[in-house]
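Taking this note's numbering, the leading residue of the sequence shown gets 204, the next gets one more, and so forth. Accompanying notes for the structure given below.
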Amino acid sequence: MAKKVVIVDEELTPTVLATKKIKRGSIIWLLIIFVALIAAAIYLPEITVYISEKFGLDIEVPNEIVTPGNDDNEEDINPDEEAPELQKYVLTTDLSFTVDNLTLSNFVVANNNISFTITNIGTEIIDLSEYHYYLNLYSTDESGADTLLQRIKISERTIGSNGSINFTYELTTTDTISEVAFLEISEEEYPAYTATSDSSGNATLVCIKDYETVNYSLSNNGVYSILDNYVVPTSDANYASLYSAYQSLASTYSTISGVTSNVTSDANNMYFVTNINLRTVVEGTFNNDIYYPLNTDAKVMKFELEAQGYTCS
């Protein structure tokens with residue numbers, strides 16, 4: 204006879220086969236081992252050197268641990284590495300040298316001026332306004348040490364391919380010029396300068412050259428207004444031509460929004476005064492190197508104006 208199977212629908216009760224107690228000492232040993240591994244990883248180079256010296260093993264220890272995936276193939280930068288020495292040229296009548304497709308030649312020092320020619324030997328037009336080229340003038344003492352006598356900012360001109368332009372600049376030094384250098388200096392390389400300001404951050408940079416005094420009104424070291432003032436004595440040999448030229452400029456400037464300009468005179472002097480509100484004037488309105496755009500930093504103006512013969516403070 205077949206056995207009858209009866210299925211009983213009852214909840215199963217878990218059966219505990221054994222109980223294992225975790226001793227506190229085991230956890231402590233795990234912590235000790237973990238800390239030891241970290242210490243070994245940190246001091247691995249020192250440990251390797253010690254073992255190498257102790258047992259006379261030739262084990263190469265890297266100076267730096269490189270993390271995989273973090274190699275940007277960048278060259279190491281040595282902060283103590285000296286910048287390339289500036290190339291200087293002995294000033295002679297037949298001096299000719301080339302920098303950045305610009306050849307400088309025909310140097311002449313006479314009548315308190317220095318003249319030279321710049322030739323574009325490249326295949327493209329070079330707009331000097333896009334660069335910051337300077338001509339440095341040096342004297343050399345008996346020991347061979349150079350002294351910078353004057354720095355000249357090259358005018359913003361355009362030179363076509365195979366074209367040449369003659370430049371003439373007034374010298375501010377009477378010392379003998381023995382060497383010259385031609386280089387580009389970026390605004391980031393200009394020396395820092397912060398004008399003395401009041402509690403509101405307002406200041407004035409004053410630059411003077413010959414008959415001209417230029418006041419740059421600053422806010423937080425950035426220019427927002429320019430007052431350009433010429434005082435020409437009636438005794439000047441070019442008084443008549445200057446008067447006519449300044450009247451023409453004043454008439455042109457006065458048509459520009461944000462600008463007032465006028466010419467007046469008395470028995471002794473002619474006064475040509477131009478006031479420019481840079482917050483109103485559109486940038487690029489003036490074809491004048493010393494009329495800087497709104498918020499130009501004082502360090503830029505001071506460095507460039509002094510390289511144009513101005514004395515700034």
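Glycine included, C-beta positions come from ideal geometry on N, C-alpha and C.
The alpha helix (DSSP H) with residue i in it runs from where to where?
i, result
"E392", "Counting along the chain, E392 falls outside any alpha helix (DSSP H), and DSSP gives it neither H nor E."
"F489", "Where F489 is concerned, there is no enclosing alpha helix (DSSP H), given that its DSSP letter is neither H nor E."
"E288", "Here E288 belongs to no alpha helix (DSSP H), and DSSP marks it neither H nor E."
"L508", "A501 to E509"
Quick one: give me the first and last residue of the beta strand (DSSP E) that residue i is part of.
i, result
"L305", "L305 to A313"
"K412", "N405 to K412"
"L430", "G425 to P436"
"L421", "E415 to S422"
"T301", "F300 to V302"
Going by DSSP, what residues sit across from residue i in a beta bridge?
i, result
"E345", "Looking at the DSSP assignment, E345 forms no beta bridge with any residue, so it has no partner."
"E382", "V293 and Y341"
"F319", "F370"
"Y336", "E387"
Just the Cα atoms here: how many angstroms apart are residue i and residue j?
i, j, result
"K502", "I241", "52 Å"
"T407", "T399", "8 Å"
"N432", "T371", "24 Å"
"S365", "N304", "A small correction: the amino acid at residue 365 is Asn; Ser does not occupy that position in the sequence shown. Approximately 10 Å between the Cα atoms of the pair."
"L430", "V417", "6 Å"
"T514", "L508", "8 Å"
"Y449", "L352", "33 Å"
"D439", "S402", "42 Å"
"E465", "S457", "Position check: residue 465 holds Asn in this sequence, whereas Glu was assumed. Between N465 and S457, the C-alpha separation is close to 8 Å."
"N323", "P394", "30 Å"
"L220", "I231", "Here L220 scores only 49 on pLDDT, less than 50, and its place in the model should not be relied on; the value that follows carries that caveat. Cα-Cα distance, rounded: 28 Å."
"S516", "Y396", "10 Å"
"K201", "N316", "This structure cannot speak to residue 201, because the chain is shown only from 204 to 516."
Is residue i near the ligand ADP, in the sense that its beta carbon is under 6 Å from a heavy atom of that ligand?
i, result
"D303", "The model depicted lacks the ligand ADP and carries no ligand whatsoever."
For residue i and chain D, any beta-carbon pair shorter than 7 Å?
i, result
"V476", "As a matter of chain content, chain D is missing from the structure shown, which is built from one protein chain."
>> Just to confirm the assignment: which complete beta strand (DSSP E) runs, minimum length 3, are found wholly within the segment 349 to 374?
In response: 349 to 356 and 367 to 373
> At what residue ranges does the segment 443 to 499 contain a whole run of the beta strand (DSSP E), taking only runs of 3 or more?
Replying inline: 462 to 468 and 472 to 480
> With contact counted as at least three CB pairs below 8 Å, one residue from each stretch, are the segment 357 to 377 and the segment 417 to 425 in contact?
Replying inline: no
> On the three-pair Cβ rule with 8 Å, is the segment 485 to 494 touching the segment 463 to 476?
Replying inline: no
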